[in-house]
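S.K.: I'd like to ask some things about the structure below.
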Amino acid sequence: MKCHYEVLGVELDATDDDLKKAYRKLALKWHPDKNLDNGEVAKKEFQLIQAAYELLSDPQERAWYDKHRDAILLGAKGAEYQENSVNVFEYFTSACYSGFGEDDQSFYAVYRELFNRIAAEDMEFAHDEDSDFEIPEFGSATSDYDEIVRSFYAYWQSYCTLRPYSWVDKYKLDTLKEVPRRVQRLMERDNKKLRDAARKQRNEEIRALVSFVRKRDPRVKAYIKLLEEKAAQNLIKTKMQQERHREERRQLLEQTTAARFAQMSDLEQQLKAIEAQYTSSGSSSYEDESDDSNEEENGDIDGERNEEEPAEDDDDDL
Numbered sequence: 001m002k003c004h005y006e007v008l009g010v011e012l013d014a015t016d017d018d019l020k021k022a023y024r025k026l027a028l029k030w031h032p033d034k035n036l037d038n039g040e041v042a043k044k045e046f047q048l049i050q051a052a053y054e055l056l057s058d059p060q061e062r063a064w065y066d067k068h069r070d071a072i073l074l075g076a077k078g079a080e081y082q083e084n085s086v087n088v089f090e091y092f093t094s095a096c097y098s099g100f101g102e103d104d105q106s107f108y109a110v111y112r113e114l115f116n117r118i119a120a121e122d123m124e125f126a127h128d129e130d131s132d133f134e135i136p137e138f139g140s141a142t143s144d145y146d147e148i149v150r151s152f153y154a155y156w157q158s159y160c161t162l163r164p165y166s167w168v169d170k171y172k173l174d175t176l177k178e179v180p181r182r183v184q185r186l187m188e189r190d191n192k193k194l195r196d197a198a199r200k201q202r203n204e205e206i207r208a209l210v211s212f213v214r215k216r217d218p219r220v221k222a223y224i225k226l227l228e229e230k231a232a233q234n235l236i237k238t239k240m241q242q243e244r245h246r247e248e249r250r251q252l253l254e255q256t257t258a259a260r261f262a263q264m265s266d267l268e269q270q271l272k273a274i275e276a277q278y279t280s281s282g283s284s285s286y287e288d289e290s291d292d293s294n295e296e297e298n299g300d301i302d303g304e305r306n307e308e309e310p311a312e313d314d315d316d317d318l
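Per full-length UniProt numbering, the very first residue in the sequence shown carries number 1; after that it's consecutive.
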């Protein structure tokens, strides 16, 4: 396997801009459409360039690659895998598979076999309560996401090895029976630290591998695209619903406003009618009072006249 930094022709401390520039330059050079006379070689080189940029442009994957670069390039051969476990480092590259079909070298066939081997290793150390548990399988290109793919990644993303890693013990206590018990407990403590560290390292390796595979799994990509399409449709529906609610509120406001204006108009008419009635009633009362006043005045005048007339009679008698 060739180092991803070497594929892009950049230094180990290359920046994101350095990676982009190198990728664009090499992609233009090796794109299959521009190398029709040497299509097969150009295709393979272009795939290596794409794989290198895809990994190094992801901060998490790049950090993992930088930390384990030597082991990945060497295939983790040697002391690290003396316990004869499955070597997963050689699968941290798209070069380990060819295409996404159903042949033996395809993405699905290669990783299906790999995870089956890892599962088989673990089940050798399964306890009785775990013996009936079926580890979810990787599936194929046509596997249903909800039935197969989701279950697979849900299990493996939280992977915890069942292997005891007793082979990493520093002290072989079964050969040190004459050692005082206090010293044995210290040795057991050291052995436990080594086992825990080895298990943690293995768990991190498998989980990183799962993340690497999931990011490139066409089934996951298709499901994410489906979710995005549904989200876009839901957004459109939400906007349409909001617009409909706004229109309903606008119409309700118009109806309410019209009703209020109608009520105010009716109230004004009623007030005018009351005012007219009050005005008419007031005029009639005034006329009646005027008539009564005139009658009283006339009565007073007649009375005065009657009082004056007897005086005239007296004069006549004289």
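Ideal Cβ positions, reconstructed from N, Cα and C, are used throughout, including at glycine. This one's a predicted model, so the numbers in the text were calculated from it and none came from an experiment.
Residues in its own chain within less than 8 Å of Ala-109 by CB, not counting five upstream and five downstream?
M.R.: Working through the sequence shown from its first residue, we reach residue 109 at position 109. Only Tyr-97, Glu-102 and Asp-103 meet the Cβ criterion.
S.K.: To test your reading of the DSSP string, which unbroken alpha helix (DSSP H) runs of 4 or more residues are found completely within the stretch 221 to 263?
M.R.: none
S.K.: For Glu-229, count the other beta carbons within 10 Å of its own beta carbon; 16 or more makes it buried, fewer makes it exposed. Which is it?
M.R.: Position 229 of the sequence shown, counted from the start, is the residue given in the question as residue 229. Exposed, since its Cβ has fewer than 16 Cβ neighbours within 10 Å.
S.K.: Just checking my contact of Leu-194 with Lys-172 at CB under 8 Å: how many whole Å lie between their CB atoms?
M.R.: As a first step, residue 194 must be located in the sequence shown, where it is residue number 194. As a first step, residue 172 must be located in the sequence shown, where it is residue number 172. At roughly 12 Å, the Cβ-Cβ gap does not stay under 8 Å, so Leu-194 and Lys-172 are not in contact.
S.K.: Mind checking which residues open and close the alpha helix (DSSP H) that includes Ile-118?
M.R.: Residue numbering aside, residue 118 sits at position 118 when the sequence shown is read from its first letter. Ile-118 -> alpha helix (DSSP H) spans 107 to 123.
S.K.: My assumption, with CB atoms under 8 Å, is that Phe-125 sits in contact with Arg-163. Please give the rounded CB distance.
M.R.: Along the sequence shown, one-based indexing puts residue 125 at 125. Along the sequence shown, one-based indexing puts residue 163 at 163. With 8 Å as the limit, Phe-125 and Arg-163 qualify as a contact, their Cβ atoms being about 5 Å apart.
S.K.: Note the first and the last residue of the continuous alpha helix (DSSP H) segment covering Ile-72.
M.R.: Walking along the sequence shown from the start, residue 72 turns up at place 72. Counting along the chain, the alpha helix (DSSP H) containing Ile-72 begins and ends at 59 to 74.
S.K.: My output table needs one value for Glu-102: the three-state DSSP class, helix, strand or coil.
M.R.: Locating residue 102 in the sequence shown gives position 102, counting from the first residue. Coil at Glu-102, not helix or strand.
S.K.: Return the first residue and the last residue of the alpha helix (DSSP H) that Arg-182 is part of.
M.R.: Counting from one through the sequence shown, the residue named residue 182 turns up at place 182. Bounds of the alpha helix (DSSP H) holding Arg-182 are 181 to 216.
S.K.: From the DSSP output, in three-state form, read off Phe-133 for me.
M.R.: Your numbering for residue 133 matches position 133 in the sequence shown. The answer is coil: DSSP assigns Phe-133 none of H, G, I, E or B.
S.K.: Please report how far the alpha carbon of Ala-276 lies from the alpha carbon of Ser-265, in whole angstroms.
M.R.: Along the sequence shown, one-based indexing puts residue 276 at 276. Along the sequence shown, one-based indexing puts residue 265 at 265. Each residue's Cα considered, the two are about 16 Å apart.
S.K.: Check the Cβ-Cβ distances between Tyr-108 and every residue of chain D, and say whether any is below 9 Å.
M.R.: Chain labels in this structure do not include chain D; a single protein chain is all it has.
S.K.: Can you look up Pro-32 in the DSSP assignment and give me helix, strand or coil?
M.R.: Reading the sequence shown from its first residue, position 32 is the one you call residue 32. Looking at Pro-32 - three-state DSSP - the assignment turns out to be helix.
S.K.: Compare the Cα-Cα distances from Ala-198 to each of Phe-212, Arg-182, Thr-161 and Arg-189 and report the closest residue.
M.R.: Locating residue 198 in the sequence shown gives position 198, where the first residue counts as 1. Among Phe-212, Arg-182, Thr-161 and Arg-189, the Cα nearest to that of Ala-198 belongs to Thr-161.
S.K.: Beta-carbon separation of Arg-19 and Leu-56 under 9 Å?
M.R.: By one-based count along the sequence shown, residue 19 stands at place 19. By one-based count along the sequence shown, residue 56 stands at place 56. For the record, residue 19 in the displayed sequence is Leu; it is not Arg. Yes, these two residues count as a Cβ contact at 9 Å.
S.K.: Taking just the CA atoms, how far does Gln-60 sit from Glu-11?
M.R.: Sequence index remark: in the sequence shown, residue 11 carries index 11 (1-based). Sequence index remark: in the sequence shown, residue 60 carries index 60 (1-based). Those two C-alpha atoms are separated by around 18 Å.
S.K.: Could you check the C-alpha separation between Met-123 and Tyr-165 for me, to the nearest Å?
M.R.: Looking up residue 123 in the sequence shown gives position 123. Looking up residue 165 in the sequence shown gives position 165. If you take the alpha carbons of Met-123 and Tyr-165, they lie about 14 Å apart.
S.K.: Could you tell me the alpha carbon to alpha carbon distance between Leu-226 and Ala-262, rounded to whole angstroms?
M.R.: Within the sequence shown, numbered from 1, the residue matching residue 226 stands at position 226. Within the sequence shown, numbered from 1, the residue matching residue 262 stands at position 262. Looking at the two C-alpha atoms, the distance is approximately 53 Å.
S.K.: Let me know the secondary structure DSSP gives Phe-92 once reduced to three states.
M.R.: Locating residue 92 in the sequence shown gives position 92, where the first residue counts as 1. Looking at Phe-92 - three-state DSSP - the assignment turns out to be coil, as it is neither helix nor strand.
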